[in-house]
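For the protein sequence lines, the chains are G and L, in the order given. For the first sequence, full-length UniProt numbering assigns the number 863 to the last residue and increments by one with no breaks. For the second sequence, full-length UniProt numbering assigns the number 202 to the last residue and increments by one with no breaks. Positions of the beta carbon are idealized from the N, C-alpha and C atoms, including for glycine. Written below as structure tokens is the structure these notes are about.
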Amino acid sequence: MPSLGTTYGRGAATLAQWDLANSDFVLVMGSNMAENHPIAFRFVMRAKEKGATIVHADPRFTRTSALADIHAPLRAGTDIAFLGGIIRHILENDLWFKDYVLNYTNIATIISSDYQDPEQLDGLFSGWDEEKKSYTVDSWQYKDMKVPSSLAEHEPSTSDSFDEAAKSTSDGPPPEDRTLRHPNCVYQIMRRHYARYTPEMVERVTGCPAGTFLKVCEAITRNSGRERTGAICYAVGWTHHSTGVQMIRGAGIIQALLGNVGRPGGGVLALRGHTSIQGSTDIPTLYDMLPGYLQQPNANQKHADLQEFLETEQTPTGWWHNLPKYMVSLLRAWYGDNATAENGWGYRWLPKIVGDHSQLPMTLAMRDGVIKGMFFLGQNPVIGGSNSKQVQAGLAKLDWMVVRDCAETETASFWKEGHLVRDGDMRPEDIGTEVFLMPASLAGEKDGTFTNTHRLLQWHDKVVDGPGDSQSELWFIYHLGRRLKALYADSDLERDQPIQNLTWDYPERGPDRDPSAEAVLKEINGYTWLDRRQLSGIPDIKDDGSTACGCWIYCGVFPTHNDNKSRSRRADGPDGPGTHLGWGFAWPDNRRTLANRASADPEGKPWSERKRLIWWDAEKETWTGDDQVDFVKDKPPGFKPDWSKHPTGMDALGGDAPFILIADGKAALFSSSGLKDGPLPTHYEPLESPVHNQLYKQEANPVAKHWEKRDNELAEPGDPRFPHSFTTYRLTEHHSGGTPTRSVPVTAELQPEGFAEIPTELARELGIGNTDWVVISTLRGEIETRALVTDRLQPFHLGGGKTVHQVGMPWHFGWKGYATGDIANVLTAVVGDPNTSMHENKALVCGLRRGRLARDGGRHGES
Amino acid sequence: MRRSRPPIIRRTLADRIGGFVRDWSVPRQIAGQSSATKAAESALSRGLRPRLDEADTVGTNICPYCAVGCAQLMYAKDGRVIHVEGDPRSPINQGTLCPKGAATLGLMTMPERLDKIKYRAPHSDRWEERSMDWAMDRIAHLTKKTRDEAFVQELPDGGTVNHTQAIGSLGGATLDNEENYLIKKLFSAGLGMVWIENQARV
Ligand code: SF4
């Protein structure tokens, strides 16, 4: 989540789920929380019982809406127009929390005079390179100062043209004007940028009535300030857009302006889908990062050797100045004694990426024969991947693939039951892919930790063995690694050194030779290299090779040999502080609320008794309170950097700079570095939209990714064949790709069959009755499903007298298991957000008709 | 453990009616005794035992579905899971579970659960069963072969990359941190794979 990363410094939820019970407002947007994160939604309901106002802004009326005080409907993909409208409302009515914002954000900072806004350039920011279709970000910088990105999940910058003469953040404080009169201070830029996002414009673009919109603005501003706080909860309803990162940025800006971040009941909560999706980002099975949000070396960056890598990536100021410690200790953990100071700790053995190797281009790389072998480890891309037919064409081009899951998935069986065979394009005999389908153990059948949506590591026990040949991924990877090390043992080729030098010693247990998950977690935590003492916390990590650490942000989870904090199960009692510091371990350093220094005023006193969390104890000269402080524990609130000494790292941040991973310690309302599509969120239409952009000539995000047109075309705005807005979503009873629920009788029975929700008015127009078969089409494909005609979906009345209907469809279904249905992702396209390559499956356009598809030579499908 | 039934004794009709009335809990509750205590008991309910009494093992689990992170208690008997319920100690779920979390036992014991290794040879139209050792050896062999055929040490411009683009890996968000760690370590730092992705973008 580069959005929260660039705004607050870390790409993760800022508060714990249970803390929502302390909120005075909760805005749920880009999420159907009551249905998809039901147990967390209990805390929203508790807040409501205590008097909080609950708002649900969403295209559909769902059970979340039913339980909210206000439901604000908005057309899929127009969230930035809505959020921009809120920002304008806050600024124009002077409702922002002055003492917080002036001190803890960059609102007063002066931006380069070269900066030009989309208001001037009709939808583009300054720095646009028409040829490269990308931005150079020089004009987005602070005046005469180069601002490094806060690393977290940042991607290769599109610019290498920073003015080398620019001052660094070490040379002095950023230029600012606290009177906010300077025309290029962030405050004035934001006022100009959002001036046209009036309630009327919000209504014209999003379809949300201006009156409803104003009620939302009133509810969230009334419930923010010294005495009150509120939270914004979002999920993939925001991330799955070509502007997804900027939607979340919008929420980040609102919460910073209202002074809600780092305080009890306040902040931004990312609601993530899979049980350990946060963990798999922290310890990334992702192409562009190393554990702990370090950059994967990139051939297109100045990353040739370790020294150059560190020079490029180390920020002069702020916490990320510690980067060399984390990188060297990771290399020590991975290459052991083979890593030496002389060979740059084995840095060159790490592979370098050469471009975007994320899932969407992965589909194309399979289809084009670049990738020849694939491992699918608990993921089912035939259901979950965009443009499912293209995914299947890719699978058919592979030499071999390994699928590890608890049941046979659509991905595993594509060669006998998939679209290629079903549509008659190929017979199984034509498909040369060698397929291994291996049974995988589930939680309860293996030891290990999951990291939940609020950064909490919780251990789960192995209670029983998995059935038959089932083994954990830990077992599989460990034994595959052993075999490969044996195969490469005798090689004297230089290129085989990485696998030969990799440390791979984990204690084994039992007849199956199960590797110890505890031993792996101990390595993740880190230890001293020579005498193998566990590191007690992040400050113990060194850059001289004396420590090994697999993921620096998890350091502290296993501080001594027999203290596994993820196993800790001591929750607070009813009279306790309610931060539950004894339950599991939250990264970093067991901190439950990020940036909680901001829960106190610049002098270190809580903003109010009601909302106190952390404060400065002048007598003991330490920060103290109900949470682990997310700050330097003994840095007094009045501390000022001594600029004459060109301070680096944390010495360059004052005692009133709560966002310690940002180079200047302040929340970035205006984000100078780290994002590819602009320093401020701006409304663009989805790449496929039923209407034109009413705000700018620029229709869609100019840097959005659209890999290739073949079998992946997009409709033009207003294409009469595809007049309806189309969105996809999940159901309470099913889980994502569906394998773990469609194959389970009890959940399959609760939601037995695929369907699409269709508004009553539209159904009447098209002669569609409830449970009729309908065909939904896009330029990528057609599917058939049953109609669920409902008033829950209402038409949107937009500017220019235009009315747009929406069609919604759960994307879980496929041909395996007991609950079946056509695959929604046949309709979606391989397009994505420029920052994350996240696909845009929440807002596209479709055609709709009553009827069925002719399949299997005229025979209808059995769903 | 199977519990023996109380012995059946021949009784007169009046005896039985009398016994039934005495045993019937409603009159006692009408008489003012609390329904939350002994007044709710009957001969039948006294004989009932919770399923959990039979468990020989209990462990803590975390729900395998969504990222809320609900804690569960998992009960097993003779190496088989017999019951999964919300952990009342958890500050996240306080004993509750949603329909998915409540289906965890169903997931672990579902009829569709895979328990054998299935292999599909190139161009074949069917699955075949294979042993673990055979499959592991074959996968290791294919991995090495594919890596070796497409390993790039340097780009044409001389920059080292030490990578292979011929093998990819997808998945991780349903897995343990320890598993993701070993996947990244082996695939990236060991083999030089760059196409490594998971559901974080899905
Ligand atoms: S019980 Fe439901 S809400 Fe809780 S973790 Fe499982 S799926 Fe998520």
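So for residue i, helix, strand or coil by DSSP?
{"i": "Arg348 of chain G", "result": "helix"}
{"i": "Val205 of chain G", "result": "helix"}
{"i": "Asp160 of chain G", "result": "Below a pLDDT of 50, predicted positions are generally treated as unreliable, and Asp160 of chain G, at 46, falls in that range; the measurement from the model is reported next regardless. If DSSP states are grouped into helix, strand and coil, Asp160 of chain G belongs with coil."}
{"i": "Met74 of chain L", "result": "strand"}
{"i": "Gly625 of chain G", "result": "strand"}
{"i": "Lys697 of chain G", "result": "coil"}
{"i": "Gly336 of chain G", "result": "helix"}
{"i": "Lys118 of chain L", "result": "strand"}
{"i": "Ala652 of chain G", "result": "helix"}
{"i": "Ile54 of chain G", "result": "strand"}
{"i": "Gly384 of chain G", "result": "helix"}
{"i": "Arg226 of chain G", "result": "coil"}
{"i": "Trp811 of chain G", "result": "coil"}
{"i": "Gly448 of chain G", "result": "strand"}
{"i": "Trp615 of chain G", "result": "strand"}
{"i": "Phe20 of chain L", "result": "helix"}
{"i": "residue 864 of chain G", "result": "Lying before the first or after the last residue shown, residue 864 of chain G is absent from chain G, which here runs from 1 to 863."}
{"i": "Glu85 of chain L", "result": "strand"}
{"i": "Glu129 of chain L", "result": "strand"}
{"i": "Leu844 of chain G", "result": "strand"}
Is residue i close to the ligand SF4? I mean its beta-carbon at under 7 Å from any heavy atom of the ligand.
{"i": "Tyr65 of chain L", "result": "yes"}
{"i": "Gly101 of chain L", "result": "yes"}
{"i": "Cys98 of chain L", "result": "yes"}
{"i": "Ile39 of chain G", "result": "yes"}
{"i": "Val744 of chain G", "result": "no"}
{"i": "Val93 of chain L", "result": "For the record, residue 93 of chain L in the displayed sequence is Asn; it is not Val. Yes, since a heavy atom of the ligand SF4 falls inside the 7 Å radius drawn around the Cβ of Asn93 of chain L."}
{"i": "Cys233 of chain G", "result": "no"}
{"i": "Cys70 of chain L", "result": "yes"}
For residue i, count neighbouring C-beta atoms within 10 Å of its own C-beta (all shown protein chains included) and say buried if the count is 16 or more, exposed if not.
{"i": "Trp587 of chain G", "result": "buried"}
{"i": "Ser736 of chain G", "result": "buried"}
{"i": "Ile107 of chain G", "result": "buried"}
{"i": "Thr229 of chain G", "result": "buried"}
{"i": "Ala393 of chain G", "result": "buried"}
{"i": "His561 of chain G", "result": "exposed"}
{"i": "residue 878 of chain G", "result": "The question about residue 878 of chain G has no answer, for chain G in this structure spans 1 to 863."}
{"i": "His141 of chain L", "result": "exposed"}
{"i": "Asn162 of chain L", "result": "buried"}
{"i": "Phe558 of chain G", "result": "buried"}
{"i": "Ala36 of chain L", "result": "exposed"}
{"i": "Pro720 of chain G", "result": "exposed"}
{"i": "Gln379 of chain G", "result": "buried"}
{"i": "Arg710 of chain G", "result": "exposed"}
{"i": "Gln120 of chain G", "result": "exposed"}
{"i": "Thr624 of chain G", "result": "exposed"}
{"i": "Trp615 of chain G", "result": "buried"}
{"i": "residue 215 of chain L", "result": "Outside the modelled stretch of chain L, which goes from 1 to 202, sits residue 215 of chain L, for which no answer is possible."}
{"i": "Ala71 of chain L", "result": "buried"}
{"i": "Glu130 of chain G", "result": "exposed"}
Within 7 Å: the Cβ of residue i and any heavy atom of the ligand ATP?
{"i": "Leu182 of chain L", "result": "Although the ligand ATP was asked about, the structure shown includes only the ligand SF4 as ligands."}
Interface residues of chain B around residue i at Cβ under 9 Å?
{"i": "Gly95 of chain L", "result": "No chain B is part of this structure, whose protein chains are labelled G and L."}
| Which whole runs of the alpha helix (DSSP H) in the segment 131-197 of chain L are 4 residues long or more, in chain order? | 132-149 and 177-184
| said: To test your reading of the DSSP string, which unbroken alpha helix (DSSP H) runs of 4 or more residues are found completely within the segment 491-553 of chain G? | reply: 497-501 and 517-525
| Within the segment 745-792 of chain G, ranges of the alpha helix (DSSP H) (whole runs, at least 4 residues) | 745-750 and 760-766
| said: Give the list of continuous beta strand (DSSP E) stretches no shorter than 3 residues that lie fully inside the segment 65-94 of chain G. | reply: 70-72
| What are the complete alpha helix (DSSP H) segments, minimum 4 residues, inside the segment 216-264 of chain G? | 236-239 and 244-257
| request: Could you tell me which uninterrupted alpha helix (DSSP H) segments, each at least 4 residues in length, are contained entirely in the segment 423-476 of chain G, listed from first to last along the chain? | output: none
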